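Colleague: First the structure, then my questions, so here it is.
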Amino acid sequence: MNLSEITNDLNDKQCQSVTFNNEKNALILAGAGSGKTRVLTHRIAYLITQKDIRIDAILAVTFTNKAATEMRERLSTLLRRPIQSMWMGTFHSLAHRLLRTHYEKSKLTSGFQILDAQDQFRIVKRLMKENSIDESKFPIKKVQWFINNQKNEDIRAQDIDPDYNYFIKKNLEVFELYEAYCQENDLIDFAELLIRSYELLKNNTDLLNHYQARFEHILVDEFQDTNTVQYKWIKLLFNGHNKIFCVGDDDQSIYGWRGAKIENITKLCTDFTPIETIRLKQNYRSTGNILNASNALITHNVNRMGKSLWTDAGNGELIDVYEARTETDEANYVISNIQKLITNGASPSDCSILYRFNAQSRIFEEALIKYNIPYIIYGGLKFFEYTEIKDALSYLRLIENSADNVAFERVVNFPTRGIGNVTVKKIRTFAQDNHTSLFQAAIQISSILPTRAANALSSFINLIKQITDDTKHLNLSEKVTNLLNTSGLIMHYSNDKIGSKKENLKKLITITKQYNHEQDNKMSEVMGFISLTSLDSSGNTNASINQNVQLMTIHSAKGLEFPCVFLVGMEEDLFPSRQSKNEPHLTDEERRLCYVGMTRAMKKLSLSYAIKRFLYGQSLYAYPSRFLNEIPSKYLNKIKAKFGATIQNYNDDNTFNKNITPKSDDQISIGALVKHAKFGLGTVLNFEGQGDSTRVQIKFKQVGTKWLINSYANLEFI
DNA sequence: CTCACCCCCGTTTTT
DNA sequence: CGGGGGTGAG
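Residue 405 in this note's numbering sits at position 371 of the first sequence; the count goes up by one each step and never skips.
Next comes the structure, spelled out in structure tokens:
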């Protein structure tokens, strides 16, 4: 492969980054839409084909599985060969790989399990209960947060001073209990994956030397999102001979609340010398107005590394800013505009609605249903986090490893089989006293239980033994199929009214069929699959967006782009959120979030806010977001809902915006009052077409909103 | 053990 | 407002 194939369609700066001098480290400050993934993949291709770097000598780190998969695919296409063996993945999956390979040196057994946030929560909760720590004074979520935060900062329980204050003392108490429990049960949570693999390298010089020598090139994506341990991990692997190539954008750091350290990106410049910084400032995504408005907004932040994006794409349309009366008005505005875009030929999937937090989606969902526009809402639970899926996986885990106590706890009485809390407590105590697993304890304790409990318990034990024996020689998907039936899970979920749970279990079987196990990683097929479900909980086989309007939080929109973006809820106390507004560094992060949201848009951007919003069971008045004032008016097209100057006069039935859709016919006009023989009185919301085929959308007082053909409807215009 | 009711609380969540 | 979890009766 020759150089031109790699640099062909790159601009000067991208090309400079890709073919960067092999003898230095690099920090690529890549603005939104400047082609950062492309630079990263082409850089790797360049190293392999032009510098004869072996695939094994490259370590590439991303933050999401999606990004890793995408990069792997792109690179494989570019090189025209598979790159399976390459160390390319998320921090967590790479850390996991290290721990699996060197589990003895990490004080683990080969069967250690990954604990997800839910499992972690359950354990913390139980430990607090058992040790009478008052949940009302120390909410479980907060304690869990405390523990993870410490670990993300590379702080172990023994590093904390118990006498610092009462709060620390109590949190530390749980922290220690939790750590002991995890060590005892071979459990690793997400933060532990990172800190433990970091300690593994730190405490084993020979290992460290090996990996330092092996990884001649280390490439990191989204560097602004690294936390303290991740930074230290990278720094540890750097020995001065190998080269670091980092891509990031300080303006898009939106995970500070989770431990990400935006300053890592500046620390990089002093810790990894010699280093050169290259700025990618040409944006290939958005129109001039969108980009300039975003640039103007972000200049209100302090301590930026500084970079102003430009485009040669022309100004495009102005950004609409809509002042709605209420959240309903806002939703109607947004959805009617989407309707209009679709009528003009856009696909629903070209449109996205972005909001600050998930609860805001509902009102838009209702409006989309009303307009009969297909949509998809991202967020909430991931596939492998559904209860029914976790139940099934717990059976799988228990069958693979009878010592898996977390799995045992979950399914011992599910589906219910008469094993109550009392019995489970006895099993726990027995297991603890005899240093054995819950499953072994259950076997041994049977004889000293009341008959009913003993019978119930032995039927469970037999069930597990039976599935284990029956499926011993079966492959993964056959195992899962068998266990779903034998355990009674399928039966149990057959009663599910909506039926989606049973569907999900079937989908699980499909996913297990598609799972292709890599032999090289020392795990059994089942173990490999279980690890995958923890590390990539999306369960996406081939997530197709189809023809749906996309609704999601701004956080989950990072890295995506859409022709049309509706950024909603632009109100003080909502965005920026109430808890951020008085803390400058938090407000800055909110502003970056707003910047991320705006720069998702390619052609059309609409910002909106409601003067009055119904939230948490009460109506509140709000001011427009400060961010709106930080965007110069010249980029904006300000629109207000008319119909009377005061809110009291406002009639929800007339929500529709005369001023926004200024079309009218001789006869029909938006907002007009009509009467229908059957449906009664209503208001015209919208209409399309001409003459006899004109379709009119009417919101009727009694029967809701309908589209009617004007020539058949016999409407009486009042 | 299970169901029903009541009370509480309410950002963002790549792993 | 509404979902989740905790509690107490059957």
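Virtual Cβ for every residue (Gly too), placed ideally from N, Cα, C. Predicted, not measured: the structure shown is a model, and the values here were computed from it.
Let me know the secondary structure DSSP gives residue 600 once reduced to three states.
Modeller: The residue labelled residue 600 in the question sits at position 566 within the first sequence. Under the three-state reduction of DSSP output, residue 600 falls in the strand class.
Colleague: Less than 8 Å between C-beta atoms, sequence neighbours within five positions excluded: which residues of the same chain meet that for residue 202?
Modeller: Along the first sequence, read from residue 1 onward, the residue named residue 202 stands at position 168. Once the five neighbours on either side are set aside, the close Cβ partners of residue 202 are 194, 195, 196.
Colleague: DSSP three-state label for residue 251, please.
Modeller: If you number the first sequence from 1, residue 251 lands on position 217. In this structure, residue 251 counts as strand in the three-state DSSP scheme.
Colleague: Would you kindly work out how many angstroms separate the C-alpha atoms of residue 471 and residue 436, rounded to a whole number?
Modeller: What you label residue 471 is simply residue 437 of the first sequence in a count that begins at 1. What you label residue 436 is simply residue 402 of the first sequence in a count that begins at 1. Roughly 8 Å separates the two Cα atoms.
Colleague: Can you pull the DSSP bridge partners for residue 310?
Modeller: Taking the first sequence and counting its residues from 1, one reaches residue 310 at position 276. Answer by DSSP bridge pairing, in chain order: 60.
Colleague: Taking just the CA atoms, how far does residue 234 sit from residue 497?
Modeller: Taking the first sequence and counting its residues from 1, one reaches residue 497 at position 463. Taking the first sequence and counting its residues from 1, one reaches residue 234 at position 200. Roughly 39 Å between the two C-alpha positions.
Colleague: Can you have a look at residue 36 and say buried or exposed, based on whether 16 or more other CB atoms are within 10 angstroms of its CB?
Modeller: Translated into the one-based positions of the first sequence, residue 36 becomes position 2. Exposed, since its Cβ has fewer than 16 Cβ neighbours within 10 Å.
Colleague: Quick test of your reading: residue 255 and residue 112, contact by CB under 8 Å. State the CB separation rounded to the nearest angstrom.
Modeller: Within the first sequence, residue 255 is the residue found at index 221, counting from 1. Within the first sequence, residue 112 is the residue found at index 78, counting from 1. Between residue 112 and residue 255 the Cβ distance is about 16 Å, and since that is not below 8 Å, they are no contact.
Colleague: Skipping 5 residues on each side, what residues in its chain have a beta carbon closer than 6 Å to that of residue 150?
Modeller: For this step, residue 150 is matched to residue 116 along the first sequence. Contacts found: 568.
Colleague: What are the residues that DSSP puts in a beta bridge with residue 636?
Modeller: Along the first sequence, one-based indexing puts residue 636 at 602. None; residue 636 has no bridge partner.
Colleague: Decide yes or no for the touch test of the region 292-309 against the region 47-63: beta carbon pairs closer than 8 Å, at least 3 of them.
Modeller: yes
Colleague: Considering Cα atoms alone, identify which of 52, 500, 467, 460 is closest to residue 482.
Modeller: Taking the first sequence and counting its residues from 1, one reaches residue 482 at position 448. With distances taken between CA atoms, residue 482 lies nearest to 460 out of 52, 500, 467, 460.
Colleague: Figure out for me which residue from 78, 100, 45 has the closest Cα to the Cα of residue 88.
Modeller: Translated into positions along the first sequence, residue 88 becomes position 54. Per the Cα distances, 78.
Colleague: Evaluate contact between the region 462-469 and the region 498-506, counting only Cβ atoms and requiring at least three cross-stretch pairs below 8 Å.
Modeller: Two segments are said to touch when three or more pairs of C-beta atoms, one from each, lie closer than 8 Å; by this definition the region 462-469 does not touch the region 498-506.
Colleague: What does the Cβ neighbour count give for residue 678, buried or exposed, with the cut at 16 atoms within 10 Å?
Modeller: The sequence position of residue 678 within the first sequence is 644, counting from 1. Residue placement at residue 678 is poorly supported in this model, since its pLDDT is 37, which falls under 50; the coordinates are not used for a value here.
Colleague: Among the residues of its own chain, which have a CB less than 7 Å from the CB of residue 183, if the five just before and after it don't count?
Modeller: For the purposes of this step, residue 183 is identified with residue 149 of the first sequence, where counting begins at 1. Hits under 7 Å: 293.
Colleague: Assuming residue 232 and residue 263 are in contact, meaning their beta carbons sit under 8 Å apart, how far apart are those beta carbons, in whole angstroms?
Modeller: Locating residue 232 in the first sequence gives position 198, where the first residue counts as 1. Locating residue 263 in the first sequence gives position 229, where the first residue counts as 1. Contact holds; Cβ gap of about 6 Å.
Colleague: Measuring alpha carbon to alpha carbon, tell me which of 270, 379, 604 ends up nearest residue 665.
Modeller: Indexing the first sequence from 1 puts residue 665 at position 631. Taking only the C-alpha atoms, the option nearest residue 665 is 604.
Colleague: Spell out a yes or no on whether the region 240-254 and the region 263-277 are touching, meaning 3 or more CB-CB pairs, one atom from each, closer than 8 Å.
Modeller: yes
Colleague: For residue 683, I'd like the list of residues in its chain whose CB is within less than 6 Å of its CB, leaving aside the five on either flank, ordered along the chain.
Modeller: Translated into the one-based positions of the first sequence, residue 683 becomes position 649. Low confidence applies here, because residue 683 scores a pLDDT of 29, under 50, leaving its location unreliable; read the following figure in that light. Closer than 6 Å at the Cβ level, and outside the excluded window around residue 683, lies no residue.
Colleague: Roughly how many whole angstroms lie between the Cα atoms of residue 42 and residue 76?
Modeller: For the purposes of this step, residue 42 is identified with residue 8 of the first sequence, where counting begins at 1. For the purposes of this step, residue 76 is identified with residue 42 of the first sequence, where counting begins at 1. Approximately 10 Å, taken between the alpha carbons.
Colleague: In this structure, does DSSP put residue 282 in helix, strand or coil?
Modeller: Position 248 of the first sequence, counted from the start, is the residue given in the question as residue 282. Residue 282 falls in the strand class under three-state DSSP.
Colleague: With 16 as the cutoff for other CB atoms within 10 Å, does residue 819 come out buried or exposed?
Modeller: No answer is possible for residue 819: it lies beyond the span of the chain, which begins at 35 and ends at 752.
Colleague: Determine the direct distance from the alpha carbon of residue 653 to that of residue 680, and round the result to whole angstroms.
Modeller: Walking along the first sequence from the start, residue 680 turns up at place 646. Walking along the first sequence from the start, residue 653 turns up at place 619. Annotation note: pLDDT 34 at residue 680 (below 50); position unreliable, coordinate value reported separately. When rounded, the distance between both Cα atoms is 16 Å.
Colleague: Counting pairs of beta carbons, one from the region 366-381 and one from the region 336-346, are three or more of them closer than 8 Å?
Modeller: no
Colleague: Looking only at C-alpha atoms, which of 216, 147, 168 sits nearest to residue 181?
Modeller: The residue given as residue 181 occupies position 147 in the first sequence. Among 216, 147, 168, the Cα nearest to that of residue 181 is on 216.
Colleague: In its own chain, which residues sit with a C-beta less than 7 Å from the C-beta of residue 391, not counting the 5 before and 5 after it?
Modeller: On the first sequence, residue 391 is found 357 positions in, with the first residue counted as 1. Here the set comprises 587.
Colleague: Which same chain residues end up closer than 6 Å to residue 137 when comparing Cβ atoms and leaving out the 5 residues on each side of it in sequence?
Modeller: What you label residue 137 is simply residue 103 of the first sequence in a count that begins at 1. So the qualifying residues of the chain are 144.
Colleague: What three-state label does DSSP hand residue 446 in the structure shown?
Modeller: Your numbering for residue 446 matches position 412 in the first sequence. Of the three classes helix, strand and coil, the one that applies to residue 446 here is coil, per DSSP.
Colleague: Since residue 419 and residue 152 are thought to touch, with beta carbons under 8 Å apart, how far apart are those beta carbons, to the nearest angstrom?
Modeller: Position 385 of the first sequence, counted from the start, is the residue given in the question as residue 419. Position 118 of the first sequence, counted from the start, is the residue given in the question as residue 152. Contact holds; Cβ gap of about 7 Å.
Colleague: In the DSSP assignment, find the beta strand (DSSP E) that holds residue 409 and state where it starts and stops.
Modeller: In the first sequence, counting from the first residue as 1, residue 409 sits at position 375. From DSSP, the beta strand (DSSP E) with residue 409 extends over 409-411.
Colleague: What span of residues does the alpha helix (DSSP H) with residue 390 cover, start to end?
Modeller: Sequence index remark: in the first sequence, residue 390 carries index 356 (1-based). Where residue 390 is concerned, there is no enclosing alpha helix (DSSP H), given that its DSSP letter is neither H nor E.
Colleague: Enumerate, from N- to C-terminal direction, the unbroken beta strand (DSSP E) stretches of 3 or more residues contained entirely within the region 637-678.
Modeller: 652-655, 670-674
Colleague: Where does residue 357 sit, in a helix, a strand or coil, going by DSSP?
Modeller: Numbered from 1 along the first sequence, position 323 holds the residue referred to as residue 357. Looking at residue 357 - three-state DSSP - the assignment turns out to be strand.
Colleague: Quick check: the Cα distance between residue 247 and residue 177, rounded to an integer number of angstroms?
Modeller: In the first sequence, counting from the first residue as 1, residue 247 sits at position 213. In the first sequence, counting from the first residue as 1, residue 177 sits at position 143. Distance between the alpha carbons of residue 247 and residue 177: 40 Å.
Colleague: Does the Cβ-Cβ distance between residue 643 and residue 351 come in under 8 Å?
Modeller: By one-based count along the first sequence, residue 643 stands at place 609. By one-based count along the first sequence, residue 351 stands at place 317. No, they are not a contact pair.
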